[in-house]
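Asks: Just so we're on the same page, my numbering is the position in the sequence shown counted from 1, plus 145.
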Amino acid sequence: MLGRKPCGRWFLLLCLCMVALVLACTALAQPGQETAAQRANVPEGLWILISIHQKSLTLYEGTTQVARYPVATGAAETPTPIGTYRINSRFAGELGGFGTRFLGLDVPWGQFGIHGTNKPGSIGGNASHGCIRMFVKDSEALYSKVPNGTKVVIEGGPYGLLDTHLIPLAPDARGSHVAALQDRLRALGYYHGMSDGIYGPGTRQAVRAARAALGLPASDGADSRFYRAIGLILFE
Numbered sequence: 146m147l148g149r150k151p152c153g154r155w156f157l158l159l160c161l162c163m164v165a166l167v168l169a170c171t172a173l174a175q176p177g178q179e180t181a182a183q184r185a186n187v188p189e190g191l192w193i194l195i196s197i198h199q200k201s202l203t204l205y206e207g208t209t210q211v212a213r214y215p216v217a218t219g220a221a222e223t224p225t226p227i228g229t230y231r232i233n234s235r236f237a238g239e240l241g242g243f244g245t246r247f248l249g250l251d252v253p254w255g256q257f258g259i260h261g262t263n264k265p266g267s268i269g270g271n272a273s274h275g276c277i278r279m280f281v282k283d284s285e286a287l288y289s290k291v292p293n294g295t296k297v298v299i300e301g302g303p304y305g306l307l308d309t310h311l312i313p314l315a316p317d318a319r320g321s322h323v324a325a326l327q328d329r330l331r332a333l334g335y336y337h338g339m340s341d342g343i344y345g346p347g348t349r350q351a352v353r354a355a356r357a358a359l360g361l362p363a364s365d366g367a368d369s370r371f372y373r374a375i376g377l378i379l380f381e
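1. Three-state secondary structure (DSSP) at V107?
2. Go to P346, then tell me how far its alpha helix (DSSP H) extends in each direction, as first and last residue.
3. In this structure, how does DSSP classify H260 when only helix, strand and coil are distinguished?
4. Assign A212 to one of three DSSP states: helix, strand, or coil.
5. Rounded to the nearest angstrom, what separates T295 and G241 at their Cα positions?
6. Our contact map puts I195 next to I299 with C-beta atoms below 8 Å; I'd like the distance itself, whole angstroms only.
7. Cβ of L307 within 9 Å of Cβ of S321?
8. Take the Cβ of H310 as the centre, count every other Cβ of all protein chains shown within 10 Å, and call the residue buried at 16 or more, exposed below.
9. Could you tell me which of A221, G219, L204 and A220 sits nearest to R213, measuring between CA atoms?
10. From G244 to T208, what does the alpha carbon distance come to, in whole angstroms?
11. Would you mind reading off the limits of the alpha helix (DSSP H) that contains L204?
12. With DSSP as the reference, label I268 as helix, strand or coil.
13. Exposed or buried, Q183, counting other C-beta atoms within 10 Å across all chains shown (16 or more means buried)?
14. Between which residues of its own chain and G305 is the CB-CB distance below 8 Å, once the five residues before and five after are set aside?
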């Protein structure tokens with residue numbers, strides 16, 4: 146009997162560990178718990194990833210690829226907006242240069258969308274006024290798959306909203322670079338509005354306040370010296 150007691154204690158300890166493991170696994174499986182997709186910041190339902198530099202539009206369901214299409218994106222002077230948006234409108238029919246389908250995006254600084262084109266030769270290039278062009282048959286296929294509210298992630302270069310480089314900005318500018326500037330100014334406490342990508346009065350005032358605080362010459366604009374002063378830089 147004396148020789149069996151340690152074995153009994155080890156057996157009891159093993160049982161308790163197994164029970165704890167089962168309870169932990171059960172808790173992980175309960176509704177409302179964070180899933181692997183959520184931990185990876187990937188939506189669980191349908192969502193769209195557009196790569197400006199790969200000229201591709203990929204439809205996902207969670208982490209599973211559903212479809213992939215070639216696209217055309219904005220020309221250098223009219224770039225496609227980088228960021229995360231939602232489909233907020235749709236049109237079907239004969240739309241001229243937009244093909245037969247149009248999915249509008251809630252970009253705050255302009256009207257942009259995903260649509261077909263009557264210039265199929267432009268697919269794969271930088272050709273649009275900022276919209277995402279697709280072959281007509283591909284736009285029709287995508288249109289039938291995604292509802293309004295679908296998340297659309299548009300990626301550019303390695304520096305997020307800045308794409309591949311910084312550019313000088315002045316009042317009335319619009320775009321992803323302005324949104325990046327607004328994010329940085331908010332982080333430093335100079336800007337208190339939304340990052341809407343519009344260089345309006347609030348952004349201008351924030352730039353002037355930052356310049357004064359940092360000992361820079363008074364100006365409404367943002368240039369390379371200003372970017373360095375506020376720490377908005379590109380890392381190697």
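Built from N, CA and C at the ideal position, the CB exists for glycine as well.
Replies: With the structure as the only source:
1. Lying outside 146 to 381, the shown extent of the chain, residue 107 is not represented and no answer is given.
2. Against the sequence shown, residue 346 aligns to sequence position 201. It spans P346 to A358 - the alpha helix (DSSP H) in which P346 sits, taken as one unbroken run.
3. Numbered from its first residue, the sequence shown carries residue 260 at position 115. In the three-state DSSP reduction, H260 falls in the strand class (E or B).
4. One-based indexing of the sequence shown puts residue 212 at position 67. In this structure, A212 counts as strand in the three-state DSSP scheme.
5. The residue you call residue 295 lines up with position 150 of the sequence shown. The residue you call residue 241 lines up with position 96 of the sequence shown. Distance between the alpha carbons of T295 and G241 is about 25 Å.
6. The residue you call residue 195 lines up with position 50 of the sequence shown. The residue you call residue 299 lines up with position 154 of the sequence shown. With a beta-carbon spacing of about 5 Å, I195 and I299 fall inside the 8 Å limit used to define contacts.
7. What you label residue 307 is simply residue 162 of the sequence shown in a count that begins at 1. What you label residue 321 is simply residue 176 of the sequence shown in a count that begins at 1. Taking 9 Å as the Cβ cut-off, L307 and S321 qualify as a contacting pair.
8. Here residue 310 corresponds to residue number 165 of the sequence shown, with the count starting at 1. The residue is exposed, with fewer than 16 neighbouring Cβ atoms inside 10 Å.
9. Reading the sequence shown from its first residue, position 68 is the one you call residue 213. Minimum Cα distance to R213 is reached at L204.
10. Walking along the sequence shown from the start, residue 244 turns up at place 99. Walking along the sequence shown from the start, residue 208 turns up at place 63. Using only the alpha carbons, I get a separation of about 30 Å.
11. Residue mapping note: residue 204 aligns to position 59 of the sequence shown, counting from 1. Not the alpha helix (DSSP H): L204 falls in the beta strand (DSSP E), residues S201 to E206.
12. Position 123 of the sequence shown holds residue 268. DSSP places I268 in coil when its eight states are reduced to three.
13. Within the sequence shown, numbered from 1, the residue matching residue 183 stands at position 38. In this prediction, Q183 scores a pLDDT of 40, lower than 50, which makes its location untrustworthy; no coordinate-derived value is stated.
14. One-based indexing of the sequence shown puts residue 305 at position 160. Contacts found: I227 and A325.
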